[in-house]
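Asker: Sequential numbering of the sequence shown, starting at 2, is according to the working numbering. Take a look at this one; I'll ask things after.
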Amino acid sequence: MSDPTVLLTNDDGIDAPGLCALYEALSTVASVTIVAPRTNQSAVGRSLSYGRNGTEADRPNLADGVFSCHVPAVERELGYAVDGTPCDCVIAGVRGLEEPFDLVVSGCNPGANLGASVLSRSGTVSAAMEAALLGTSAVAVSVDTIGYGEAMTTDAFEHATDIAADLVGDVIDADTDETPALVNLNVPRPDRPITGAAVTRPAQRYEMSAERVDGGFSIRNPLWEEIANGDVDESGADRHAIVNGRVSVSPLTASGEYAPTEAVQRFAERIDGER
2 MSDPTVLLTN
12 DDGIDAPGLC
22 ALYEALSTVA
32 SVTIVAPRTN
42 QSAVGRSLSY
52 GRNGTEADRP
62 NLADGVFSCH
72 VPAVERELGY
82 AVDGTPCDCV
92 IAGVRGLEEP
102 FDLVVSGCNP
112 GANLGASVLS
122 RSGTVSAAME
132 AALLGTSAVA
142 VSVDTIGYGE
152 AMTTDAFEHA
162 TDIAADLVGD
172 VIDADTDETP
182 ALVNLNVPRP
192 DRPITGAAVT
202 RPAQRYEMSA
212 ERVDGGFSIR
222 NPLWEEIANG
232 DVDESGADRH
242 AIVNGRVSVS
252 PLTASGEYAP
262 TEAVQRFAER
272 IDGER
């Protein structure tokens with residue numbers, strides 16, 4: 002039986018250490034092809050290059066009935082570096098390559114992607130959402146880095162990418178009816194012992210503040226400060242799991258809703274039982 006096939010992408014760029022670490026881990030369980038942005042595309046959400054590439058003369062004019070755009074790509078040893086967004090990469094890989102993929106994996110992102118308000122903002126999670134909307138199951142992988150004082154080298158991602166490879170095996174092996182359309186996996190930071198795993202829902206609280214400072218604005222996210230201080234009390238939510246040193250695995254729909262499945266439950270119970 003041939004190995005399952007995985008399309009790997011991210012939002013930090015094709016040379017990011019998190020992508021390299023995830024490629025190595027996934028290669029132990031699947032045949033992996035990379036289609037990733039050539040440059041850092043963090044926090045672009047579900048943006049597409051459509052309508053923004055090239056000069057004004059090159060850009061499609063919807064009034065003229067032009068509904069396509071050219072996204073440059075360079076072939077690399079392990080796949081393609083694309084001058085575009087994470088969602089561009091997923092569309093290019095899922096629809097533009099001849100090989101069908103069993104799963105799309107996005108990551109590994111340095112920085113957790115937690116909370117319902119973050120899902121559509123994150124390039125990492127948005128790439129997985131794009132895949133699910135195109136009919137291919139997907140996993141977004143992120144690792145918490147709040148308070149982590151060292152550089153995130155490839156080695157620093159290994160604890161997270163090994164867990165991701167374990168989850169990918171569950172998702173691929175699951176029956177069709179059980180395969181989640183979208184899973185958002187977040188792993189505690191590298192210097193913290195993992196105390197277990199929890200099937201979580203995206204936290205619902207959202208707070209942002211801004212004030213005028215030096216001719217501009219200072220924009221502040223108090224929720225990240227709560228995570229850093231360990232003050233999160235939204236039991237059952239992804240942020241609560243991470244603060245308590247647990248792997249957070251959120252089974253969602255393509256629209257970002259919580260959608261628990263047996264495959265994800267089995268994964269969480271196995272990881273929980275090993276800690």
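The beta carbon of each residue, even a glycine, is placed where N, CA and C say it ideally should be. Just so we're clear, the structure is a prediction, and the values are computed from it rather than from any experiment.
Taking the DSSP output, what are the residues bridged to Val-45?
Answerer: Within the sequence shown, numbered from 1, the residue matching residue 45 stands at position 44. Per DSSP, none; premise fails for Val-45.
Asker: Below 8 Å CB to CB, which residues in the same chain sit around Leu-135 once its five sequence neighbours on both sides are set aside?
Answerer: Within the sequence shown, numbered from 1, the residue matching residue 135 stands at position 134. The residues are Val-91, Ile-92, Val-95, Arg-96.
Asker: Please state whether the Cβ-Cβ distance between Val-75 and Gly-85 is less than 8 Å.
Answerer: Taking the sequence shown and counting its residues from 1, the one referred to as residue 75 is at position 74. Taking the sequence shown and counting its residues from 1, the one referred to as residue 85 is at position 84. For Val-75 and Gly-85, no; Cβs fall outside 8 Å.
Asker: Would you report the Cα separation of Phe-268 and Ser-50, rounded to the nearest angstrom?
Answerer: Counting from one through the sequence shown, the residue named residue 268 turns up at place 267. Counting from one through the sequence shown, the residue named residue 50 turns up at place 49. Using only the alpha carbons, I get a separation of about 36 Å.
Asker: If you compare alpha carbons, which of Ser-118, Glu-131, Cys-21 is closest to Leu-183?
Answerer: Here residue 183 is taken as the residue at index 182 of the sequence shown, counted from 1. Nearest C-alpha to Leu-183: Glu-131.
Asker: Evaluate Val-233 with the Cβ neighbour count: other Cβ atoms within 10 Å of its Cβ, from every protein chain shown; 16 or more gives buried, anything less gives exposed.
Answerer: Locating residue 233 in the sequence shown gives position 232, counting from the first residue. Buried: at least 16 other Cβ atoms inside 10 Å.
Asker: Comparing C-alpha positions only, which one of Met-209, Asp-171, Asp-145 sits nearest to Val-188?
Answerer: As a working note, residue 188 is residue 187 in the sequence shown. Minimum Cα distance to Val-188 is reached at Asp-145.
Asker: Closer than 8 Å is the cut-off here; do at least three beta carbon pairs connect the segment 152 to 171 with the segment 120 to 129?
Answerer: Output reads no: the segment 120 to 129 does not touch the segment 152 to 171.
Asker: For Asp-273, is the beta carbon positioned less than 7 Å from some heavy atom of the ligand ATP?
Answerer: Absence of the ligand ATP from the depicted structure is noted, as is the absence of any ligand whatsoever, leaving it without description.
Asker: Once DSSP output is grouped into helix, strand and coil, what is the label at Phe-102?
Answerer: Here residue 102 refers to the residue found at position 101 of the sequence shown. Coil at Phe-102, not helix or strand.
Asker: Across which residues does DSSP place Ala-199 in a beta bridge pair?
Answerer: Position 198 of the sequence shown, counted from the start, is the residue given in the question as residue 199. Ala-199 pairs with Ser-249.
Asker: Grab me the residues of Gly-257's own chain with a C-beta within less than 6 Å of its C-beta, minus the 5 sequence neighbours each way, in chain order.
Answerer: Residue mapping note: residue 257 aligns to position 256 of the sequence shown, counting from 1. These residues qualify, in order along the chain: Leu-120.
Asker: Determine, using beta carbons only, whether Ala-141 and Leu-79 come nearer to each other than 8 Å.
Answerer: For this step, residue 141 is matched to residue 140 along the sequence shown. For this step, residue 79 is matched to residue 78 along the sequence shown. Result no, Cβ atoms of Ala-141 and Leu-79 do not sit closer than 8 Å.
Asker: Is there a Cβ from chain D that is less than 8 Å from the Cβ of Leu-9?
Answerer: Chain labels in this structure do not include chain D; a single protein chain is all it has.
Asker: Considering only C-alpha positions, which residue in the set Ser-43, Arg-276, Gly-150 is nearest to Gly-108?
Answerer: If you number the sequence shown from 1, residue 108 lands on position 107. Checking every option, the nearest Cα to that of Gly-108 belongs to Ser-43.
Asker: Identify which residue in Ala-117, Gly-150, Asn-230, Arg-206 has its Cα closest to the Cα of Ala-255.
Answerer: Mapped onto the sequence shown, residue 255 falls at position 254. For the residues Ala-117, Gly-150, Asn-230, Arg-206, the minimum Cα distance to Ala-255 belongs to Ala-117.
Asker: Kindly indicate which three-state DSSP category Thr-284 falls into: helix, strand or coil?
Answerer: Absent from the structure is residue 284, since the part of the chain shown begins at 2 and ends at 276.
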